[in-house]
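Novice:
4 protein chains.
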Amino acid sequence: MNEETRENVAKRLARIEGQVRGLQRMVAEDRYCADVMTQIASVHEALRAVGRELMRHHLEHCATEAIRSDDPAQANAMYDELMALMYKAVR
Amino acid sequence: MNEETRENVAKRLARIEGQVRGLQRMVAEDRYCADVMTQIASVHEALRAVGRELMRHHLEHCATEAIRSDDPAQANAMYDELMALMYKAVR
Amino acid sequence: MNEETRENVAKRLARIEGQVRGLQRMVAEDRYCADVMTQIASVHEALRAVGRELMRHHLEHCATEAIRSDDPAQANAMYDELMALMYKAVR
Amino acid sequence: MNEETRENVAKRLARIEGQVRGLQRMVAEDRYCADVMTQIASVHEALRAVGRELMRHHLEHCATEAIRSDDPAQANAMYDELMALMYKAVR
Chain X
-7 MNEETRENVA KRLARIEGQV RGLQRMVAED RYCADVMTQI ASVHEALRAV GRELMRHHLE
53 HCATEAIRSD DPAQANAMYD ELMALMYKAV R
Chain G
-7 MNEETRENVA KRLARIEGQV RGLQRMVAED RYCADVMTQI ASVHEALRAV GRELMRHHLE
53 HCATEAIRSD DPAQANAMYD ELMALMYKAV R
Chain D
-7 MNEETRENVA KRLARIEGQV RGLQRMVAED RYCADVMTQI ASVHEALRAV GRELMRHHLE
53 HCATEAIRSD DPAQANAMYD ELMALMYKAV R
Chain C
-7 MNEETRENVA KRLARIEGQV RGLQRMVAED RYCADVMTQI ASVHEALRAV GRELMRHHLE
53 HCATEAIRSD DPAQANAMYD ELMALMYKAV R
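Here the protein sequences line up with chains X, G, D and C, keeping their order. Under my numbering, think of the first position of the first sequence as -7, with each following residue one higher. Under my numbering, think of the first position of the second sequence as -7, with each following residue one higher. Under my numbering, think of the first position of the third sequence as -7, with each following residue one higher. Under my numbering, think of the first position of the fourth sequence as -7, with each following residue one higher.
#1: Can you tell me whether residue 65/D is buried or exposed, with buried defined as 16 or more other CB within 10 angstroms of its CB?
#2: Report the rounded CA-to-CA distance for residue 3/D versus residue 9/C, giving the unit in angstroms.
#3: CA-CA distance, residue 50/X and residue 52/D?
#4: Compute the beta-carbon to beta-carbon distance between residue 46/G and residue 1/G, rounded to the nearest angstrom, for a pair I have assumed lies under 8 angstroms.
#5: Give, in chain order, every residue of the segment -5 to 15 of chain D whose Cβ lies closer than 8 angstroms to some Cβ of chain C.
#6: Within 8 angstroms of any Cβ in chain X, is that where the Cβ of residue 67/C sits?
#7: Listed in chain order, which residues of the segment 50 to 80 of chain X have Cβ atoms closer than 8 angstroms to some Cβ of chain C?
#8: Under DSSP, the alpha helix (DSSP H) around residue 79/X begins and ends at which residues?
#9: Using a C-beta to C-beta distance shorter than 9 angstroms, which residues of chain C count as neighbours of residue 22/D?
#10: Got a sec: is the Cβ-Cβ distance from residue 48/X to anything in chain C below 8 angstroms?
#11: Under 8 angstroms, Cβ to Cβ, is there at least one residue of chain C near residue 41/D?
#12: Using the Cβ count rule (16 or more neighbours within 10 Å means buried), how would you classify residue 71/G?
#13: Three-state secondary structure (DSSP) at residue 48/X?
#14: Considering Cα atoms alone, identify which of 31/X, 60/X, -3/X is closest to residue 17/X.
#15: May I have the straight-line CA-CA distance separating residue 68/D from residue 61/D, to the nearest angstrom?
#16: State yes or no: is the beta carbon of residue 33/G nearer than 8 angstroms to at least one beta carbon in chain X?
#17: Secondary structure at residue 57/X, three-state DSSP: helix, strand or coil?
#18: Please name the residue, chosen from 55/X, 73/X, 80/X, that lies closest to residue -7/X on a Cα-to-Cα basis.
#19: Thinking C-alpha only, which one of 36/X, 38/X, 15/X is nearest residue 27/X?
#20: Identify which residue in 23/D, 34/D, 57/D has its Cα closest to the Cα of residue 7/D.
#21: So which of 39/X, -4/X, 40/X, 77/X has the shortest CA-CA distance to residue 157/G?
#22: Going along the chain, which residues of its own chain have a beta-carbon closer than 8 angstroms to the beta-carbon of residue 19/D, five neighbours each way excluded?
#23: What are the boundary residues of the alpha helix (DSSP H) that includes residue 13/X?
#24: Of all the options 59/D, 80/D, 36/D, which has the alpha carbon lying nearest to the alpha carbon of residue 5/D?
#25: I need the DSSP call for residue 23/C, collapsed to helix, strand or coil.
#26: What is the rounded straight-line gap between the Cα of residue 78/X and the Cα of residue 42/X?
#27: Would you mind telling me which residues of chain D sit closer than 8 angstroms to residue 26/C, beta carbon to beta carbon, in chain order?
#28: Figure out for me which residue from 48/G, 59/G, 63/G has the closest Cα to the Cα of residue 81/G.
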């Protein structure tokens, strides 16, 4: 990853860690379970934003390099990887 | 929440906090972005498991109480809440 | 289902059938695959709207009846069913 | 699309049209709404399989061509398109 992406992703993840600690506090304080679920939805959303940033970076760099390579096996392995990532990391 | 649910959820969230810290380490060590995305997928999966546990608890307790109440407005508010939670917290 | 819900759902499904026929035409006319995918996303969206309408109806009628019944086994079977439906029919 | 992909996709879509007609029959026969929702989940699944087949084709052909082109604007437009498709067509 380039410096900018890495810093963005690191900042987002630090915020997500804070959100997860917030969730633990909510549970310890016995907050209404619907509110805890709503907060879980926010963490999913924040993780998805990280996933999107990484996926864009992955397309622009790793995938592009593999697809431009002269070795067709490399491009093929990248198509497989992209399909797998899309279906598990993107939600 | 009853004691058992609260402890289960607390344990799961502590594990998720650890996973998010693991993600931060992966980024700091400049690991391959596809591996970071795969790890993000695991965190989504673990959060979903918490969401499922809370949703089940919510149905069995809060929703049941509201639906059994004599006040139709309470049942109606619960249908609205369940629909909203289902579509944002369950994924 | 009551008459109103059944008619709404029937209308939506007829429209979805039309969308799926539209997709077949797009493929027969060899349209750009990204446009076909975008159209597939619209069909998912339309199906989700039907799912939402049915889920709301299910909560208000079938689930409410089971949860209000004097037989705890009936309520329990409904919690199981709701959890399963939520995770497969709601997306 | 090449001939093989087009035929596969056409066959899948014809089957999906049949499933949607089956859904309309279920509603006309006033079947249990949970069973209708389960059947809706099958249609989502079948549509996702078409989406996957198209996405793979799109990566191998359209995306590869754009990414290999000498015009950086073309690759960039493809990254945008892939990100959008991933988040709306793949679910």
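The beta-carbon is built from N, C-alpha and C at its ideal position, and this holds for glycine as well.
Specialist: Let's see:
#1: Burial call: exposed.
#2: Spanning the two alpha carbons is a distance of roughly 15 angstroms.
#3: Going by C-alpha positions, residue 50/X is about 45 angstroms away from residue 52/D.
#4: Rounded, the Cβ-Cβ distance is 7 angstroms, consistent with contact.
#5: Going along the segment -5 to 15 of chain D in chain order, one finds -2, 1, 2, 5, 6, 8, 9, 12, 13, 15 with a Cβ nearer than 8 angstroms to chain C.
#6: For residue 67/C, the nearest beta carbon of chain X is closer than 8 angstroms to its own beta carbon.
#7: Within the segment 50 to 80 of chain X, the residues whose Cβ lies closer than 8 angstroms to some Cβ of chain C are 51, 52, 55, 56, 59, 60, 67, 71, 74, 75, 78, 79, listed in chain order.
#8: Its alpha helix (DSSP H) spans residues 64 to 81.
#9: Against chain C, a Cβ distance below 9 angstroms from residue 22/D picks out -7, -2.
#10: So yes, residue 48/X belongs to the interface.
#11: It does not: the Cβ of residue 41/D has no partner Cβ on chain C nearer than 8 angstroms.
#12: The residue is buried, with at least 16 neighbouring Cβ atoms inside 10 Å.
#13: DSSP places residue 48/X in helix when its eight states are reduced to three.
#14: It is 31/X whose Cα lies nearest to the Cα of residue 17/X.
#15: Here the alpha carbon of residue 68/D sits roughly 11 angstroms from the alpha carbon of residue 61/D.
#16: At least one chain X Cβ lies under 8 angstroms of residue 33/G.
#17: Residue 57/X falls in the helix class under three-state DSSP.
#18: When each option's Cα is compared against that of residue -7/X, the closest is 55/X.
#19: Looking at 36/X, 38/X, 15/X, the one whose alpha-carbon comes closest to that of residue 27/X is 15/X.
#20: Nearest C-alpha to residue 7/D: 34/D.
#21: No answer is possible for residue 157/G: it lies beyond the span of chain G, which begins at -7 and ends at 83.
#22: Spatial neighbours of residue 19/D in its own chain (CB-CB distance under 8 angstroms, excluding positions within 5 residues in sequence) are listed in chain order as 28.
#23: The continuous alpha helix (DSSP H) containing residue 13/X extends over residues -5 to 20.
#24: When each option's Cα is compared against that of residue 5/D, the closest is 36/D.
#25: Correct three-state label for residue 23/C: coil.
#26: Rounded to whole angstroms, the gap between the alpha carbons of residue 78/X and residue 42/X is 14 angstroms.
#27: Result: 50, 54, 73, 77.
#28: For residue 81/G, the nearest C-alpha among the options comes from 48/G.
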